[in-house]
Amino acid sequence: MIDAVQTRPATEVKTNSKPGEWLSWNQEEFEHCFSKRPFLISHDLCDHPLFNVERLLELAQKLPADQIEYNAGQLPVSISHAETPMNGLSADETIRRIAECKSWLVMKYIEQDPEYKQLLDECLAQVAPLTEKIAPGMMKPHAFAFITSPGSVTPYHIDPEHNFLLQIRGEKIVRLYDGNDPTLLNPRELEDFYCDRGRNLVISEENKERCWTYRLKPGQALHFPVTFPHWVENADDVSISFSITFRTPDLDRRRALYRMNSGFRKLGCNPAVPGTNRLCDNACYQAFRVWRKAASFIGK
Ligand SMILES: [Fe+2]
1 MIDAVQTRPA TEVKTNSKPG EWLSWNQEEF EHCFSKRPFL ISHDLCDHPL FNVERLLELA
61 QKLPADQIEY NAGQLPVSIS HAETPMNGLS ADETIRRIAE CKSWLVMKYI EQDPEYKQLL
121 DECLAQVAPL TEKIAPGMMK PHAFAFITSP GSVTPYHIDP EHNFLLQIRG EKIVRLYDGN
181 DPTLLNPREL EDFYCDRGRN LVISEENKER CWTYRLKPGQ ALHFPVTFPH WVENADDVSI
241 SFSITFRTPD LDRRRALYRM NSGFRKLGCN PAVPGTNRLC DNACYQAFRV WRKAASFIGK
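Position 261 (the sequence shown) corresponds to 261 in full-length UniProt numbering; numbering is contiguous.
Now the structure itself:
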């Protein structure tokens, strides 16, 4: 496992970007690493008007309240969502006072605003020709904007989507762990995650340094493979980041298999971990699809 601060820029191969082409990358690295391990790409969005504070405030006023999540930002690396303290401010105040209010804020599904949707679509259209070869069936595109105070921490957690995190302003230190290593992320943690029992995890002292470490600078973007655990720490400035995500059908299948395993466990069985027995996985997923079809038919 790599344990080194990686600050190098992504090697670019694109030189004449066209309107609507915001991203650039090293083709070989992208093809080799996507969905398997983190890697850096570059973007040209640092001066984009959608990411100035006034425009982000306007966005916050338009979004439904339950799609803005925010809390105090001075947190330990491992803490459950339920224990995370609020900051005592409104979302608006949090954004206006982000330089001094020691907070963390995310606006979710910002593609509800047509301008952010266009930007998300343009970014995903650029990566799709490559991701389709590796993880076909791009669907459920979503974008998120993070605005965080100096020194704030995003606790250790996992996410369900293919993700690129674009750093727009300030710097972030991202620590990412190999989600395929069961000594870092065990199958029961994944099962709990897919059964909606929480996305925050607890990291042990012995595993804390077994990570890739990136100091993300404006203009850089980092690929997070699905369910690779991570935690993030802001440097000394306000940070603004833009996250572009999507899912693929194999992830729905994976989620269904883990949820079925949880059901089997409640019946006293000890099911195989998804991914270890292809025949068993196929049989379970077919059974799930039959059950889902029957349930929807009965519901009509
Ligand atoms: Fe995350």
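Note that the Cβ used here is the ideal one computed from N, Cα and C, for glycine as well.
- Checking the DSSP bridge columns, you'll see His-157 partnered with Asn-200, His-230.
- In the three-state scheme derived from DSSP, where H, G and I count as helix and E and B as strand, Met-139 is classed as strand.
- Taken in chain order, the unbroken stretches of beta strand (DSSP E) that lie wholly in the segment 63-139 and span 3 residues or more are 68-72, 103-107.
- A distance below 8 angstroms separates the beta carbons of His-81 and Gly-198.
- Taking the Cα of Leu-201 as reference, the smallest distance to any Cα among Leu-165, Leu-222, Pro-155, His-223 is reached at Pro-155.
- Measuring C-alpha to C-alpha distances from Tyr-194 to each of Pro-160, Pro-38, Ala-128 identifies Pro-160 as the nearest.
- For Ser-262, there is no enclosing beta strand (DSSP E); the residue is found in the alpha helix (DSSP H) stretching over 249-266.
- Proximity of the beta carbon of Asp-159 to ligand 1 is indicated: a heavy atom of the ligand is located closer than 7 angstroms.
- Judged by DSSP in its simplified three-state form, Phe-288 adopts helix.
- For His-223, the enclosing beta strand (DSSP E) stretches over residues 220-224.
- For Leu-50, same chain residues with a beta-carbon under 7 angstroms away, outside a window of 5 residues either side, are Glu-115, Tyr-116, Leu-119 in chain order.
- Using a Cβ-Cβ distance cut-off of 8 angstroms, the segment 138-146 and the segment 227-245 are in contact, since at least three pairs of beta carbons, one from each stretch, lie closer than that value.
- Scanning its chain for C-beta atoms nearer than 6 angstroms, with the 5 sequence neighbours on each side dropped, one finds around Phe-39 the residues Glu-29, Cys-33, His-223, in chain order.
- Taking 7 angstroms as the cut-off, one finds no heavy atom of ligand 1 near enough to the beta carbon of His-223.
- If you compare the alpha carbons of Ala-135, Asp-178, Asn-261 with that of Cys-269, the shortest gap goes to Asn-261.
- The shortest CA-to-CA distance from His-157 to any of Leu-165, Leu-176, Gly-170, Thr-183 is the one to Leu-176.
- Between the alpha carbons of Val-53 and Arg-96 lies a distance of about 8 angstroms.
- The closest heavy atom of ligand 1 lies less than 7 angstroms from the beta carbon of His-230.
- The Cβ atoms of Ser-149 and Ile-98 sit closer than 8 angstroms to each other.
- Cα atoms of Pro-136 and Lys-18: separation of roughly 25 angstroms, rounded to the nearest angstrom.
- Contact between the segment 56-70 and the segment 178-194 is absent: fewer than 3 CB-CB pairs across the two stretches fall below 8 angstroms.
- For Ser-241, the secondary structure class from DSSP, reduced to helix, strand or coil, is strand.
- Here the alpha carbon of Arg-247 sits roughly 18 angstroms from the alpha carbon of Tyr-285.
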